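Shown next, in structure tokens, is the structure this report addresses.
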Amino acid sequence: MQKIDYREWGVDTLFYWKLLIGLGIIVALGGLSALYMEHEGHWVTGMTNLVVWGTPHMFAVFLVVAASGALNIASIGSVFGKKEYKPLARLSGLLAITLLVGGLLVLVLDLGRPDRLLVALFNNNFKSIFAWNIYLYSGFMVIVAAYLFTMMERKANFISRPVGILAFTWRLILTTGTGSIFGFMVSRQAFDSAILAPMFIVMSFAYGLAIYLLVLMFTFAQDNRVIGDNLIKRLKNLLGLFILGMLFFTAVYHLTKLYGTKYHGVEYFFLVDGGIYTLTFWLGHILVGMLLPLALMFCPRFSPSRMALAIACGLVVIGGLATMYTIIIGGQVYQLEMFPGMTVINEGYGTEVAKYAKYCPTVPEFLLGIGGMGVALLATTIGIRVLKFLPETLADESVS
Amino acid sequence: MNNSPEPTDQSRRQFLGTAAGIATASVAPGVVLHIAQATSNSYPVTEAKRWGMLIDTNKCLEDCNACVQACNKEHGMDLIHKPEGQDQQKFDQQKPTWIRKVKLKDNLTGRVTNLPMLCQHCEKPPCVDVCPTGASFKRADGIVMVDRHICIGCRFCMMACPYHARSFIHENVEVKPTLTPRGKGCVESCNLCVTRLDEGGTTTACQDACAQAGHHAIIFGDLNDENSPVSKALQELPSRQIRADLNLNTGVRYSGV
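Protein sequence lines correspond, in order, to chains U and E. Position one of the first sequence corresponds to residue 4 (the working numbering), numbered consecutively onward. Position one of the second sequence corresponds to residue 13 (the working numbering), numbered consecutively onward.
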């Protein structure tokens with residue numbers, strides 16, 4: 004392999020500033036939404052005492068999961084010794100940090116009392132997976148920053164591998180922690196499953212790689228840099244493998260639930276009777292998030308096209324958001340089964356009697372979530388412009 | 013050197029004396045009052061008691077809402093108003109609800125049951141397990157509460173509660189009751205009228221209201237005292253825990269469901 008040179012993103016200044024302003028507006032709208040929600044209270048959102056985590060959580064969990072997955076490219080290079088992935092490692096580390104920052108911002112700004120964040124640092128209940136996550140997330144950022152330093156500073160190159168192994172191990176624990184937020188929720192029929200932790204890990208692989216590929220192809224195309232066909236094919240195959248992994252875990256999760264009679268209610272809700280949640284499951288999670296991308300990437304008619312790959316990656320992202328919506332919000336809309344064998348005629352919330360809880364997201368929730376994505380992309384855009392994250396070329400002859 | 017004594021400044025002495033007198037007169041009643049008020053709320057809560065409840069659903073009537081109304085009044089929920097422009101049905105699910113009347117129908121027999129659902133004051137509460145800051149806590153006497161000073165409003169406890177027993181304060185709070193502090197962005201739930209108990213009381217607002225309505229469906233007391241009304245009733249009536257499969261050893265038990 005030739006020596007890899009890295010260079011700042013050299014796009015036209017006007018284009019760069021337009022991009023920054025565009026992303027800045029998205030971030031500002033997200034910030035204003037957070038202020039509005041904070042000032043008025045959460046009654047301006049669709050969240051209630053029955054559906055307590057809403058659209059912001061869909062975005063936040065997606066970003067956090069994608070963040071750990073984005074680091075995979077770097078890990079494949081330094082932990083598993085695949086040299087052709089090494090030039091891709093810096094951007095992988097940067098995206099891991101920026102996506103996590105975006106996700107955490109959304110999570111924090113959706114708190115009832117975001118002003119008490121310091122309280123969460125000084126009062127810890129370590130039986131709570133949330134308390135663990137505070138340290139897993141902040142530790143992840145520190146470790147990945149150190150990992151980036153060992154990759155970018157020649158004198159520190161020699162410890163890049165051990166730091167990379169630490170970062171990889173940490174990210175596996177982190178995503179296990181995120182999946183376990185739901186997996187440990189024993190009272191809720193939709194959650195309460197150990198499989199959610201590995202399922203979140205494999206989802207992180209796919210979402211992180213899809214976002215990575217989109218950013219890589221966009222930045223390289225705008226700066227007239229080359230990505231070799233072999234490398235693209237490798238990354239595409241990897242994404243295909245991760246999507247198949249997601250499909251496998253999704254199937255096992257639902258088959259496990261379908262086997263036991265006590266979970267038939269929740270499965271009937273997700274697969275047949277859940278209205279919008281059944282739609283987000285079949286259309287979003289399964290079709291848009293997995294089957295269509297697989298078809299676009301591996302159907303001989305589309306597979307040579309890079310545009311088809313980019314669309315496939317975009318669909319994985321959209322499907323990922325639909326998956327989070329289905330799992331997080333659908334899991335709450337299907338109400339707690341407190342009285343097996345009985346039908347709840349009146350729940351005691353006013354006069355309304357509903358089979359499933361209602362949730363209708365509002366604009367501020369959506370803007371807050373999009374703002375988090377904006378933060379991640381804005382920070383990435385600035386990062387690649389001011390520091391040498393992107394390799395000069397990824398032509399096959401230079402990376403093979 | 014002049015040894016002749018200076019004339020004493022009497023006015024200064026008088027001022028100090030008067031000031032001391034006024035200070036004593038101001039503080040003393042407070043001290044006396046404090047000593048006199050050294051009732052149960054001056055001593056740490058211990059495990060000697062475990063507060064709990066038995067709800068006899070056979071006595072709980074469909075058209076009676078006395079327990080809910082009493083709780084709302086006792087804890088200032090009736091002071092919270094729907095924000096302008098908010099949908100009523102949505103507000104019903106957003107306002108704090110510590111106790112609610114649930115109506116059930118048996119799928120096989122069609123038998124209808126009514127019961128009040130509230131925090132079950134579990135011995136091993138999931139809400140306490142998941143709270144990242146320790147704001148959700150269980151007192152030694154079994155009451156599960158929220159420390160509003162360190163609740164960050166993450167709602168993880170609401171996700172983990174198997175009973176939908178917790179409420180998040182979605183709106184601005186205009187009137188803040190002294191005995192039930194409330195703040196926008198925090199979580200709260202039934203505290204078994206803890207201030208009453210700490211003042212030496214032995215009943216809850218819902219229990220009183222139920223008795224006043226003539227139903228006596230709620231029996232409250234010390235589960236550790238075998239002679240308490242609740243323990244005696246539990247010995248006599250068949251009862252069960254809701255979601256007994258979770259093995260939480262709830263402090264609230266139900267009969268007839």
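The C-beta atom is built at its ideal place from N, Cα and C for all residues, glycine as well. Values in this document were obtained by computation on a predicted structure and should not be read as measured data.
- Cβ contact annotation for residue 89 of chain U (same chain, cutoff 6 angstroms, sequence separation greater than five): 80, in chain order.
- Here residue 156 of chain E is buried: its Cβ has 16 or more other Cβ atoms, across all protein chains shown, within 10 Å.
- Looking from the CA of residue 174 of chain E, the closest CA among E/162, E/132, E/229 belongs to E/132.
- DSSP places residue 64 of chain E within a strand segment (E or B) once states are collapsed to three.
- For the stretch 105-151 of chain E, the continuous alpha helix (DSSP H) assignments of 4+ residues that do not extend past its boundaries occur at 138-142, in sequence order.
- As the crow flies, the alpha-carbon of residue 63 of chain U is around 18 angstroms from that of residue 287 of chain U.
- Here residue 55 of chain U is near residue 171 of chain E, since their CB atoms are less than 8 angstroms apart.
- Beta bridge pairing from DSSP links residue 394 of chain U with U/9.
- By the C-beta density criterion, residue 187 of chain U is buried, having at least 16 other C-beta atoms within 10 angstroms.
- Beta-bridge annotation (DSSP): residue 266 of chain E is paired with E/67, E/252.
- Inside the stretch 226-297 of chain U, DSSP marks whole alpha helix (DSSP H) runs of 4 or more residues at positions 232-262, 267-271, 279-282, from first to last along the chain.
- Across the set U/157, U/350, U/385, the C-alpha of U/385 shows the shortest separation from the C-alpha of residue 27 of chain U.
- Within a 10 Å sphere around the beta-carbon of residue 28 of chain E sit fewer than 16 other beta-carbons, which makes this residue exposed.
- In the three-state reduction of the DSSP assignment, residue 384 of chain U falls in the helix class, which pools H, G and I.
- As DSSP reads the structure, residue 345 of chain U sits in a beta bridge with E/118.
- A contact between stretches requires three or more CB pairs, one per stretch, nearer than 8 angstroms, and the stretch 129-145 of chain U meets this requirement with the stretch 142-150 of chain E.
- The DSSP-derived three-state label of residue 90 of chain E is helix.
- If you keep only unbroken beta strand (DSSP E) runs of at least 3 residues inside the stretch 147-205 of chain U, you get nothing at all.
- DSSP places residue 306 of chain U in the coil class of the three-state scheme, outside both helix and strand.
- Fewer than three pairs of CB atoms, one per stretch, sit closer than 8 angstroms, so the stretch 73-85 of chain E makes no contact with the stretch 328-343 of chain U.
- Within the same chain, Cβ atoms closer than 6 angstroms to the Cβ of residue 183 of chain U are found at 132, 200, the five residues on either side in sequence being excluded.
- Below the 7 angstroms Cβ cutoff, chain U contributes 44, 46 as neighbours of residue 183 of chain E, in chain order.
- Between residue 269 of chain E and residue 120 of chain U, the alpha-carbon positions lie close to 43 angstroms from each other.
- For residue 250 of chain E, the closest C-alpha among the options E/68, E/193, E/236 is that of E/68.
- Close to chain U, meaning a Cβ-Cβ distance shorter than 7 angstroms, are the following residues of the stretch 123-151 of chain E: 129, 138, 141, 142, 143, 144, 145, 146.
- With respect to chain E, the C-beta atom of residue 116 of chain U has a partner C-beta closer than 8 angstroms.
- When secondary structure is reduced to three states using DSSP, residue 240 of chain E falls in the coil class, being assigned neither helix nor strand.
- For residue 113 of chain U, the number of other beta carbons within 10 angstroms of its own is at least 16, and it is reported as buried.
- Short of 6 angstroms from the beta carbon of residue 96 of chain U, and not among the five residues preceding or following it, lie these beta carbons of its own chain, in chain order: 77, 147, 150, 151.
- Residue 124 of chain U is positioned such that its CB atom lies no closer than 8 angstroms to that of residue 102 of chain U.
- At a cut-off of 8 angstroms, the C-beta of residue 285 of chain U has no neighbouring C-beta in chain E.
- Counting only the Cα atoms, residue 39 of chain E lies some 53 angstroms from residue 59 of chain U.
- By the CB criterion at 8 angstroms, residue 396 of chain U and residue 229 of chain U fall inside the cutoff.
- Rounded to the nearest whole angstrom, the C-alpha separation of residue 310 of chain U and residue 73 of chain U is 21 angstroms.
- Between residue 313 of chain U and residue 300 of chain U, the gap from beta carbon to beta carbon reaches 8 angstroms or more.
- Residue contact with chain E for residue 263 of chain U: absent (no Cβ-Cβ distance below 8 angstroms to any residue of chain E).
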